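Residue numbers (our numbering), protein chains in the order written: chain X, 1 to 352; chain H, 1 to 288.
Okay, structure coming up:
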């Protein structure tokens, strides 16, 4: 392969890409837009439940509430002000104890404890607070629970150290950013086919291997540089940086191969966008799984981008090492070979 | 070194069941301009594609500069320049960028793009993006691009189609200059006058076959009718036309009689055009 020829082709493709105002603006604004989204997202996870408490008399057992891990208890002067605060959604729940709670406990009657919940309170929150109040009442009346509980976190204990929303979103943002270049490349290639310039290239002594090498370098380079730049700015390379960079490089090459496939199906920029968005949505599914754990199951592993998303997420957010990701790396490499080969074959047919 | 730059031997190409090129054979000598004529769909473009290595023939063999095109595509393509009928320039690049790109693809290092652009009349506009050029300027740039490697064989597909007379003349001059340089030129055109003026020989192609191949002069001799056309003034002052066939034994008497008996206003010889000959051979017009 003639490197001078490949360099000329890459320079030409970069010039054409950035002289297309739409793709030039989208590339620049895309990075800025995704950075803004990242930085406006919460940088920490509120792991405590904010609970209001109106207790004219606080039974001794209930004092535990104020030191219980996971509860942020705020006292109120009246039942009315507690109800207002919960109604406004400032607190997830409110616990209102009656004035005569101690008398009732002493006389063996059942005091009426009122629980208030905000409209956004989930079933888990309702159940947790009801159970806690019942447990405290048992304790207050001298009845102990008949079991001891031993809690154990399997894997990394993330209590107090949960992944913030923006760091979960980070994977989604970088994948979409990198994938967007797939559409730009596809549009560039289909434009070359439609305008016949590819025919002019193929009539030169340059080989088709050099042509595809140029396109692969251009597409991969453009996507990769943006991906790495974005990850560096948002702190995604603070740990396992080499692993993440390697995966981004493989991912960029895979999306470039996909760009070849899209180009072989497209006639112009609009059809490139149509096909590109369809494939982008499919490729983005594993990233939704990172955003909302549990919504997707094993079938997502059939999507090639899963291995990229999974590795980048685990490496950047959980410091997962090469040893923990080598299977993902191999599978992604395999998908790369298949997709790039299919893309080249499809484009060859299109050129002919 | 063989005398022929291009040898087509029994070339055949099919698109599905449609025979686009039907067992054609011809050769083009080094330094010769061959006009390749035929109506749309005759198989001209497919023939050019085979000769330039874009298509592999289903049968037969194309040889350019003693090299089998199918087996030596890249080597053959290094020696040829192609000017396509459709404008396939990079529109968002300047003229100079277009030329420099192709010079690098051809591996040409000592390349003076300004001189080439000056030669095709584009000096002063070399840094403008091609999308801002007129059709004539784009076509001249297409011709310039085909010349970046100083090719031994030039394939020009309708190089003057739809151009103004000045641009057409500029391109014709370049073709003649290239022939002077020693290049072999394969000229595909619909313009009969152009083919007649530029070509050493012309080939007529129809329905995938070459139906005639000779010099324009010989074709006219073989198929055309030579005549004298005169306009005479009749006794009542009206102008009338007379035609005298030049290829009959009675020609001399007829000419003498014309001048003795009539008042000749104008007289000129008339020979068949290539269009007339094509119609005579194929029953079709070239512009169909």
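We put the beta carbon where it would ideally sit given N, CA and C, even for glycine. Small disclaimer: the values here were computed from a predicted structure and weren't measured.
- Any Cβ of chain H closer than 8 Å to the Cβ of residue 219(X) would place that residue at the interface, and such an atom is absent.
- Residue range 153-157 is occupied by the beta strand (DSSP E) that includes residue 153(H), with no alpha helix (DSSP H) assigned at that position.
- Only residues of its own chain outside the window of five on either side were considered, and among them 289 have a CB closer than 6 Å to the CB of residue 296(X), listed in chain order.
- Going by DSSP, residue 79(H) is part of no beta strand (DSSP E) at all; its letter is neither H nor E.
- Within the model, the alpha-carbon separation for residue 283(X) versus residue 3(X) is close to 33 Å.
- Beta bridge pairing from DSSP links residue 117(X) with 93(X).
- Straight through space, the alpha carbons of residue 193(H) and residue 253(H) are spaced by roughly 33 Å.
- Under the DSSP assignment, residue 24(X) falls in the alpha helix (DSSP H) whose first and last residues are 21-40.
- For residue 1(X), the three-state secondary structure derived from DSSP is coil.
- Given a length threshold of 3 residues, each whole run of the beta strand (DSSP E) inside the segment 190-229 of chain H is given here in chain order: 201-206, 209-214.
- Straight-line measurement puts the Cα of residue 23(X) at about 10 Å from the Cα of residue 30(X).
- C-alpha of residue 50(H) to C-alpha of residue 12(H): approximately 9 Å in a straight line.
- Between the alpha carbons of residue 26(H) and residue 43(H) lies a gap of roughly 14 Å.
- Residue 345(X) is outside the set of residues whose beta carbon lies under 8 Å from a beta carbon in chain H.
- Put simply, the CB of residue 196(X) is near chain H, with a gap under 8 Å to one of its CB atoms.
- Those residues of the segment 85-102 of chain H placed with their C-beta closer than 9 Å to a C-beta in chain X are 86, 87, 88, 89, 90, 91, 92, 93, 97, 100, 101, 102, ordered along the chain.
- For residue 130(X), the CB contacts under 8 Å within the same chain, skipping 5 residues up- and downstream, are 115 in chain order.
- DSSP, read as helix, strand or coil, puts residue 87(H) in coil.
- Here the alpha carbon of residue 231(H) sits roughly 13 Å from the alpha carbon of residue 270(H).
- When C-beta distances to chain X are compared with 8 Å, the residues of the segment 54-66 of chain H below that value are 54, in chain order.
- Bounds of the alpha helix (DSSP H) holding residue 176(H) are 165-181.
- Among the CB atoms of chain X, none fall inside 8 Å of the CB of residue 111(H).
- Assignment of residue 280(H) by DSSP, reduced to helix, strand and coil, places it in the helix class.
- Counting along the chain, the unbroken alpha helix (DSSP H) around residue 215(X) starts and ends at 208-233.
- Taking the Cα of residue 101(X) as reference, the smallest distance to any Cα among 81(X), 141(X), 72(X), 71(X) is reached at 141(X).
- Here residue 251(X) is buried, its C-beta having at least 16 other C-beta atoms within 10 Å.
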